[in-house]
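Before any comments, here is the structure.
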Amino acid sequence: MSDAGTGSVDRHNATGLPAQLLEEARRELCDDIVLGHGGRAALARYSERFDALLRQILAGATRIEQPFAVVAIGGYGRKQLCLHSDIDLLVLFGGRLGQPEEGLLRTLLHPLWDLGLVVGHQVREIDEFARLEVDNPEFLMALVDARPVAGDLALYRRFEAAFHHAGTHAHVVGALNTLIDNRYALFNSTLYQLEPDVKEAPGALRDLTAMRWIAALTDPSLLRRGPEDLARLDEAEDFLLRVRSILHLETRRNSNTLSHPLQEKAADILGYPGAFPQQRVERLMSDYFRHARIVTRALGWIRKTAPTPVGTNLGQTPDGICFIDTRQAAVQPATWLAAFQAAIDARCDVSDPALAIMRQHAERFRVEDFFPTPAHVAALMRFLRPGAGLYARLSEMHDCGVLGRMFPPFQAITYRVVRDFFHKYTVDEHTLLTIKNLERLATRSSPDRERFSSLLQDLQAPEILVLALLLHDVGKWRDEDHALESVRMAREMFERLGLAQDVRAAVEFLIANHLAMSQVAFRRDTEDPEIVRTFAALVGVEERLRMLCLMTLADVEAVSLETLTPWRAELLWRLFVDTYNHLTLGYGDELIEPNLAASTDLLANRPADLSESEIAHFLAGLPRRYLQLFDGEAIYRHVRLARDINPDEVHLWLEEKGSAWELTVVTLDKPFLFSNISGVLSSFGMDILRGHAMTNPNGLVLDVFQFTDQDRFLALNANARDQIFQVLEEVVSGRATVHARLTGREDSLFHRRPPRVKPVVHCDNQASRRYTILDIIADDALGLLYRISRVISQNGCEIDLVLIATEGHRAIDVFHITKAGAKLSEGDTLELSANLQRMLEGDHEAH
Amino acid sequence: MKLIKSIVRPNKVDEVKDALEKLGISGMTVTEVRGHGKQKGHTAIYRGKEYNVSLLPKMQVEVVVADSAADDAIKAIVQAARTGEIGDGRVFVLPVEQTYRIRTGERDAL
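Taken in order, these protein sequences are the chains called X and F. Per my numbering, residue 194 is the first one in the first sequence, and the count goes up by one each step. Per my numbering, residue 24 is the first one in the second sequence, and the count goes up by one each step.
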């Protein structure tokens, strides 16, 4: 019998130790099978024998530099390798594949092929697991059973870490459910097959595997909690494997159909009693159906009950987001926010049991326990982005006592009643309602709020606004000066969170001034330019103005249902527009004066290498707005960059800022300078999002561009920075032209699809005393800034100040320009506007 | 009796109220209204696009006073609401035929 089982080994080629090892392993397994014992234990032994065989083969391999691992996957990974099963392997490498790695693969695979084995091998570099192979679900499932056999264990652990996360798990479970449905369809969805396939049929081995996979990927406790006892499932599996082993032995191949003749054979080997073969077969098949029924019932329950994996220790059920392991959740408060985030992402609630766990344990934890690392703080900021469900989740958090533990200042206003004529809700609920109002602006655009919705869309970091709203009234636990008290309390919390300095500054500004805009809009004469000027000076830059405007709107609306009348909304909007125009159009007239009253702190805190006069000289004549745009560190850097600058030179600074890059250019003014610099960035595929360009009376130019590197040029090329710097130097000095560099990209730049927004060119000769102001709104496109500024320069105009903004798909650029040192004449304005309009509408002759 | 209906700048309403209270007139109705007179709104430009704000937000203050007190009340309102610029508003004076108290149904003596 045993000889028959080993028939597939090619004795002519299989010589030496591996052949011998395989021979022995097979003989041992065949001996078990003929005794009816070819079940779980025997197959595990055979799999381990095979592990040893692989290690033996690899022992003879030439060493390679990089780490590698040989991983058993699929049935072999589960240690259920049957006599004629395919050998499923994953060969994992730590780096790129080259000659030595191919050599190693040959050393591994050739002997296996020589032994006549069918090897299903997959070769991957570890980095390939960064992206899910969605088109290969069977492979992903086989990976669930991965087991390291040989090679580098640390590399294997890296694979595990890359593979096992909620996204992959959810995908695999989804794909698996589809495969189960398709497989069932092939069998007419019934387990009662007269000649069943003991691997594929409903209730057979694949169902058991599927059940274990779903539990492993969603909630391991499902196996214990199911309708069938775990021992009975193990028994079913052992039975099916014993039968499968017999089929392999008898057919000498990977055949799994329990046909009528084989049923007699199997019944005999498994020792079923009965005088006639038919009696023995009936007993065998009755056992088969009994086991198959248990398996289908268990699988059906698990499929129905398993949560969808949505995060570490988190699943989604029809009741909402739940913790998989509740004991673990109770002691890991740092994972709680993820439950609420998952609920927002899945647009569902957090389940009652999960809320109950948090309610029960919240009191034990402090801020630091919820946000122990910067990554947790970043997750908090992401959570606070206004969008559908934020108010509902914050309310759940408040209700189960988590909000006050995560944000201790919030505790002070829980159930707080402030008596006045207009507030209708307690301070905590008023606060949450402000966020609900913001959420509404973010998710539902009603005609009367459309303009405010668009402000919200334009915000670079709307989560800052939500954080400010959450804390704006915490100082109301006492009766006077609540804004100041709120700032104090918020500051204390930010210290504990280790929140970024710029975020802190913005939130503290908003909290401190959260009443300022309503006071001006509703109580002051906003037609008085002086009132607008003072208010503009308070907010300083557009982003803060937008946030304060939205904060005011949300705050007023949360006082009671009647407070935000269309009349008030109109007043607020008018103040916003007037202030916005003052900030973007009028700022060129307000310059930093030589007496430097505004920059005393800058001088006092200056680093040792900078003198007072050097800073003063740099600042004099720049728009006052400059001091509000940049913090001390950036200003000192600019002063250093301006040091010893000569004509045709550029001094540059490039740094990564979040998902974007920021380039600072200091140089001396000359014609076409701005279009040349922006053109160079475009020629490297950089998409300019935001920026400022400023010129001081001495012709010193300071340009700051924020851009995204869509082609990942900076990330992928070690010398990318030097290349960009070199080209900028060449182009600014006139040794190279940017036009030549852009020729290759011109097709994509100039032959674009029809514009989504009709371009707007607006010329204003009134808003500023010194400049003609060009307001341009157009579809954002690579190279847009280059093309606009080129047309301006071609019209003989000087570009003195530029504000660059991108909002959604729109580019919003404001240029302050002059011609021969003065505002443009009416004729010049008309001509320039016409040329710009033509260029923007796609008439390429304008170039 | 006269109904004095004045349309004033929103930011002037507190001053108007104070001035009337000084004359002993404390009952009044204040309404948020929108409209335009000669001022006809102005054209605001936001991001290069013009948008017309033809209806301007104003406050309407209504008081009913005895005929003899009307002149003083009008003077007080005009003085308090004036800035000297276009858009300061209007005061309308209307005769009141009868007034009733809803609570008692009693007719006030004119």
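Every residue gets a Cβ at the ideal spot worked out from N, C-alpha and C, and that includes glycine.
Exercise for review: Could you name the residues that DSSP lists as bridge partners for Trp846(X)?
Suggested key: Bridge partners of Trp846(X): Thr857(X).
Check your understanding: Which residues, in order along the region 994-1006 of chain X, keep a beta-carbon less than 8 Å from a beta-carbon of chain F?
Key -> Using a CB distance below 8 Å, the part of the region 994-1006 of chain X facing chain F consists of Ile1005, ordered along the chain.
Review point. For the putative contact between Leu795(X) and Gly825(X), defined by C-beta atoms under 8 Å, what is the C-beta separation to the nearest angstrom?
Key: Taking the Cβ atoms as the reference, Leu795(X) lies roughly 6 Å from Gly825(X), within the contact range of under 8 Å.
**Study point:** CB of Leu856(X) within 7 Å of CB of Phe898(X), strictly
**Key:** Yes; because the gap between Cβ atoms is below 7 Å, this pair is in contact.
Review point. In chain order, what residues of the same chain have a beta carbon less than 7 Å from the beta carbon of Leu587(X), not counting five sequence neighbours either side?
Key: Around Leu587(X): Leu596, Leu625 and Ile628.
**Study point:** Continuous beta strand (DSSP E) stretch holding Asp876(X): start and end
**Key:** As written in the sequence, residue 876(X) is Ser, which differs from the Asp given in the question. Careful: Ser876(X) lies outside any beta strand (DSSP E), inside the alpha helix (DSSP H) at Leu866 to Ser876.
Review point. How should Val474(X) be labelled, buried or exposed, when 16 other C-beta atoms within 10 angstroms of its C-beta is the threshold for buried?
Key: So Val474(X) ends up on the buried side.
Review point. Which residues in chain X sit within 7 Å of Pro33(F), going by Cβ to Cβ distance?
Key: Correct list: Phe715 and Leu764.
Exercise for review: Please compile the residues from chain X whose C-beta is within a distance smaller than 7 Å of the C-beta of Gln70(F).
Suggested key: The displayed chain sequence assigns Arg, not Gln, to residue 70(F). Neighbours of Arg70(F) on chain X, chain order: Asp968, Ile970 and Ile1005.
Check your understanding: Does the beta carbon of Glu55(F) sit closer than 7 Å to a beta carbon anywhere in chain X?
Key -> Closer than 7 Å to some Cβ of chain X, the Cβ of Glu55(F) qualifies, so yes.
Review point. Taking Cβ positions only, does Thr758(X) come closer than 7 Å to chain F?
Key: Residue-level contact by beta carbon holds for Thr758(X) and chain F, with a gap shorter than 7 Å.
Practice item. Could you say which of Ile109(F), Glu120(F) and Arg57(F) lies nearest to Val87(F) if we only look at CA atoms? Key: Selection Ile109(F), Glu120(F) and Arg57(F) evaluated against Val87(F) yields Glu120(F) as nearest (Cα-Cα).
Practice item. Decide if the region 509-528 of chain X is in contact with the region 425-439 of chain X; the criterion is three or more beta carbon pairs, one per stretch, under 8 Å apart. Key: With fewer than three CB-CB distances shorter than 8 Å, the region 509-528 of chain X does not count as touching the region 425-439 of chain X.
Check your understanding: What residues of chain X sit near Thr106(F), judged by a beta carbon separation below 9 Å?
Key -> Simply Asp718, Glu720 and Asp721.
Review point. Cys742(X) lies in the alpha helix (DSSP H); which residues open and close that run?
Key: Run containing Cys742(X): Glu735 to Glu750, per the alpha helix (DSSP H) assignment.
Practice item. State the Cα-Cα distance for the pair Leu583(X) and Ala572(X), rounded to the nearest angstrom. Key: Leu583(X) and Ala572(X): Cα-Cα distance of roughly 14 Å.
Practice item. Along the beta strand (DSSP E) that carries Pro118(F), what are the first and last residues, could you check? Key: Segment Gly112 to Pro118, the beta strand (DSSP E) holding Pro118(F).
Check your understanding: What is the residue span of the beta strand (DSSP E) that Phe900(X) lies within?
Key -> Going by DSSP, Phe900(X) is part of the beta strand (DSSP E) stretching over Leu893 to Asp902.
Check your understanding: Whose C-beta lies closer than 7 Å to the C-beta of Gln259(X) among residues of the same chain, with five residues either side of it excluded?
Key -> Phe286, Gly287 and Gly288.
Check your understanding: For Ala354(X), which option in Leu336(X), Gly878(X) and Arg983(X) has the closest C-alpha, if you only look at C-alpha atoms?
Key -> Checking every option, the nearest Cα to that of Ala354(X) belongs to Leu336(X).
Practice item. Report the neighbours of Val734(X) on chain F: residues whose CB is nearer than 8 Å to its CB, in chain order. Key: Contacts between Val734(X) and chain F, judged by CB atoms closer than 8 Å, are missing: the closest CB pair is about 16 Å apart.
Exercise for review: With 8 Å as the limit, tell me which residues of the region 769-795 of chain X have their beta carbon closer than that to any beta carbon of chain F; keep them in chain order.
Suggested key: Cβ contacts with chain F come from Val770, Asp771, Tyr773 and Asn774.
Check your understanding: Looking at C-alpha atoms only, which residue of Leu455(X), Arg716(X) and Asp338(X) is the closest neighbour of Leu764(X)?
Key -> Taking only the C-alpha atoms, the option nearest Leu764(X) is Arg716(X).
**Study point:** Close Cβ partners of Ile373(X) (< 7 Å) along its chain, the five nearest in sequence each way excluded
**Key:** Excluding residues up to 5 positions away in sequence, Ala403 lie with their Cβ nearer than 7 Å to the Cβ of Ile373(X) in the same chain.
Point to revise | Coarse secondary structure for Asn206(X), derived from DSSP in three states | key: Here Asn206(X) scores only 42 on pLDDT, less than 50, and its place in the model should not be relied on; the value that follows carries that caveat. Residue state, collapsed to three classes: coil.
**Study point:** Endpoints, alpha helix (DSSP H) assigned at Leu246(X)
**Key:** Segment Arg233 to Ala252, the alpha helix (DSSP H) holding Leu246(X).
Practice item. Please work out which residues of its chain come closer than 8 Å, Cβ to Cβ, to Ala359(X), disregarding the five sequence neighbours upstream and downstream, and give them in chain order. Key: Only Pro502, Val503, Gly504, Thr505 and Leu507 meet the Cβ criterion.
Practice item. List the endpoints of the continuous beta strand (DSSP E) containing Thr624(X). Key: It is not in any beta strand (DSSP E) - Thr624(X) instead sits in the alpha helix (DSSP H) that spans Val620 to Thr636.
**Study point:** Beta-carbon proximity check, Ile992(X) vs Ile970(X), cutoff 7 Å
**Key:** Inclusion of Ile992(X) and Ile970(X) in the CB contact set at 7 Å is not warranted, their separation being larger than that value.
Review point. If you pair each beta-carbon of the region 418-435 of chain X with each one of the region 255-272 of chain X, do three or more pairs fall below 8 Å?
Key: The answer is no - the region 255-272 of chain X does not touch the region 418-435 of chain X, with fewer than three Cβ pairs under 8 Å.
**Study point:** Inter-residue spacing [alpha-carbon to alpha-carbon] between Leu1023(X) and Gly976(X)
**Key:** For Leu1023(X) and Gly976(X), the distance between alpha carbons rounds to 24 Å.
Point to revise | Three-way DSSP call (helix, strand, coil) for Glu1038(X) in this model | key: Interpretation of Glu1038(X) is limited by its pLDDT of 39, a score under 50 that renders its predicted location unreliable; the figure taken from the coordinates is listed afterwards. If DSSP states are grouped into helix, strand and coil, Glu1038(X) belongs with the helices.
Practice item. Report the three-state DSSP secondary structure of Tyr964(X) (helix, strand or coil). Key: Under the three-state reduction of DSSP output, Tyr964(X) falls in the coil class, being neither helix nor strand.
Review point. Roughly how many angstroms separate the alpha carbons of Ser544(X) and Arg598(X), rounded to a whole number?
Key: Ser544(X) and Arg598(X): Cα-Cα distance of roughly 20 Å.
Point to revise | chain X contacts made by the region 107-119 of chain F, where a contact means CB separation under 8 Å | key: Flagged, chain order: Glu108 and Gly110.
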